[in-house]
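J.: Residue numbers (our numbering): 25 to 270.
Mind having a look at this structure? Questions to follow.
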Amino acid sequence: MKIETILAVVLVVGAGVAMQPAAARAQGPAGTGTSQTPDSRTSPAASNATATRHEHEHLTYVRPSEKTKLTNYFFDGYGPYPIVGAAIVAGINQADGTPPEWGGGGTAFAKRWGSNYGINAVTTTSRYALSEVLHEDTLYYRCQCKGFFPRLGHALISTLIARHGDDGRYTFSVPDLVSPYVGTMTAAYAWYPGRFSYKDGFRMGNYNLLALAGGNVAIEFLYHGPHTFLSHIYLNNRHAAPESDH
Numbered sequence: 025m026k027i028e029t030i031l032a033v034v035l036v037v038g039a040g041v042a043m044q045p046a047a048a049r050a051q052g053p054a055g056t057g058t059s060q061t062p063d064s065r066t067s068p069a070a071s072n073a074t075a076t077r078h079e080h081e082h083l084t085y086v087r088p089s090e091k092t093k094l095t096n097y098f099f100d101g102y103g104p105y106p107i108v109g110a111a112i113v114a115g116i117n118q119a120d121g122t123p124p125e126w127g128g129g130g131t132a133f134a135k136r137w138g139s140n141y142g143i144n145a146v147t148t149t150s151r152y153a154l155s156e157v158l159h160e161d162t163l164y165y166r167c168q169c170k171g172f173f174p175r176l177g178h179a180l181i182s183t184l185i186a187r188h189g190d191d192g193r194y195t196f197s198v199p200d201l202v203s204p205y206v207g208t209m210t211a212a213y214a215w216y217p218g219r220f221s222y223k224d225g226f227r228m229g230n231y232n233l234l235a236l237a238g239g240n241v242a243i244e245f246l247y248h249g250p251h252t253f254l255s256h257i258y259l260n261n262r263h264a265a266p267e268s269d270h
């Protein structure tokens with residue numbers, strides 16, 4: 025199997041998550057895990073006022089603190105998902121014999137796992153560092169919209185946009201674009217066999233970027249209600265944004 029197979033696995037997993045029964049992820053648009061229905065005895069004016077207040081809350085952007093961003097940097101770069109993901113891709117690389125110079129066996133698998141884990145670590149570190157320099161908020165925010173295709177579009181476009189300023193406006197993100205290539209270029213020159221060059225780093229970077237897009241799709245559609253593991257990170261609160269911890 026080639027690198028295309030790895031990408032296909034990532035996208036299939038993301039699509040499979042997205043197709044989970046709607047009841048498993050039924051929650052409000054802000055990721056609360058609940059929905060609210062106005063009391064039938066409430067007057068229309070009161071109902072409208074309540075709806076307006078909820079809509080305003082859903083659109084509120086809570087700028088993450090440095091502590092929140094650092095916590096999520098360590099989670100994304102060195103947490104359980106990178107560890108498991110690197111092992112899965114290493115298994116695919118092992119079966120495919122990529123790169124062939126590393127051979128087979130336990131030592132080769134460990135080298136491939138370390139390579140994949142290292143690429144993710146460098147990618148995440150460069151994104152975090154660049155976002156700090158450029159004052160960007162590159163955390164992923166679930167869509168406030170409803171419907172499969174609007175949410176899918178939001179997940180994909182979020183691969184290349186980030187939030188800026190106190191109002192959280194979305195703009196094109198240099199760190200999001202550059203960091204996947206920093207990770208693979210580092211691998212190509214630091215620990216891959218000598219025959220690898222910038223062309224290989226750029227090629228692998230393209231797939232790294234697409235894999236990050238697939239990861240956003242999975243995160244968008246993963247259920248992370250109040251009692252799930254993800255609810256303890258940054259993906260779940262009433263604003264669908266990191267809670268302020270000042």
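C-beta: ideal position from N, C-alpha, C; glycine also.
Remember, it's a predicted structure, so these values are computed and weren't measured experimentally.
Is it the case that the Cβ atoms of A132 and T162 are separated by a distance below 8 Å?
T.: No.
J.: So, is L94 buried or exposed, given that buried needs 16 or more other C-beta atoms within 10 angstroms?
T.: L94 comes out exposed.
J.: Could you give the DSSP three-state label for R187: helix, strand or coil?
T.: Looking at R187 - three-state DSSP - the assignment turns out to be strand.
J.: Give the DSSP bridge partners of R193, in chain order.
T.: Beta-bridge pairing links R193 to H188.
J.: I'd like to check one pair, G207 with I143: are the Cβ atoms closer than 8 Å?
T.: Yes, the pair counts as a contact, with Cβ atoms nearer than the cut-off.
J.: Would you tell me roughly how many angstroms separate the C-alpha atoms of A119 and Y141, rounded to the nearest one?
T.: Cα to Cα, A119 sits roughly 18 Å from Y141.
J.: From the DSSP output, read off the bridge partner residues of D161.
T.: Bridge partners of D161: R187.
J.: Between the beta-carbon of D200 and the beta-carbon of R151, is there less than 8 Å?
T.: Their beta carbons are under 8 Å apart, which means D200 touches R151 by this criterion.
J.: Could you tell me which of V241, A242, M228 and I243 sits nearest to P123, measuring between CA atoms?
T.: It is M228.
J.: Using CA atoms only, rank isn't needed, just tell me which of A179, P104, G171 and S197 is closest to A153.
T.: With distances taken between Cα atoms, A153 lies closest to S197.
J.: Output the distance between the C-alpha atoms of L158 and Y205, rounded to the nearest integer angstrom.
T.: About 18 Å.
J.: Within the same chain, show all residues whose beta-carbon is closer than 7 Å to that of N117, passing over the 5 residues directly before and after it, in chain order.
T.: Here the set comprises R136.
J.: Comparing alpha-carbon positions, which option in R175, G138 and A211 lies nearest L246?
T.: Answer by Cα proximity: R175.
J.: In the structure shown, what three-state DSSP assignment does L154 receive?
T.: Looking at L154 - three-state DSSP - the assignment turns out to be helix.
J.: My output table needs one value for Y85: the three-state DSSP class, helix, strand or coil.
T.: Y85: coil per DSSP, three-state reduction.
J.: Going along the chain, which residues of its own chain have a beta-carbon closer than 7 Å to the beta-carbon of Y164, five neighbours each way excluded?
T.: Cβ within range, chain order: S182, N240 and I243.
J.: Using the Cα positions of G177 and H188, report the straight-line distance between them to the nearest angstrom.
T.: Taking the straight line from one Cα to the other gives about 20 Å.
J.: Closer than 7 Å by C-beta to Y102: which residues in its own chain qualify, once you throw out the five before and the five after it? Chain order, please.
T.: So the qualifying residues of the chain are A145.
J.: Tell me which residues share the same chain as T149 and place their Cβ nearer than 7 Å to its Cβ, disregarding the 5 neighbours each side in the sequence.
T.: The residues are G101.
J.: Label W126 either buried or exposed according to how many other C-beta atoms from any shown protein chain fall within 10 Å of its C-beta, with 16 as the threshold for buried.
T.: Per the 10 Å Cβ criterion, buried.
J.: Return helix, strand or coil for L246, following the three-state DSSP convention.
T.: Coil at L246, not helix or strand.
J.: Could you name the residues of the same chain whose beta carbon sits closer than 7 Å to that of E28, not counting the 5 residues immediately before and after it, in chain order?
T.: For E28, the predicted model reports a pLDDT of 44, less than 50, meaning its position is unreliable and no value from the coordinates is stated.
J.: What is the C-beta distance between Q89 and T147, in whole angstroms, given that I count them as a contact (C-beta under 8 Å)?
T.: Per the sequence shown, the amino acid found at residue 89 is Ser instead of Gln. Their Cβ separation, rounded to whole angstroms, is 23 Å, which puts S89 and T147 out of contact at 8 Å.
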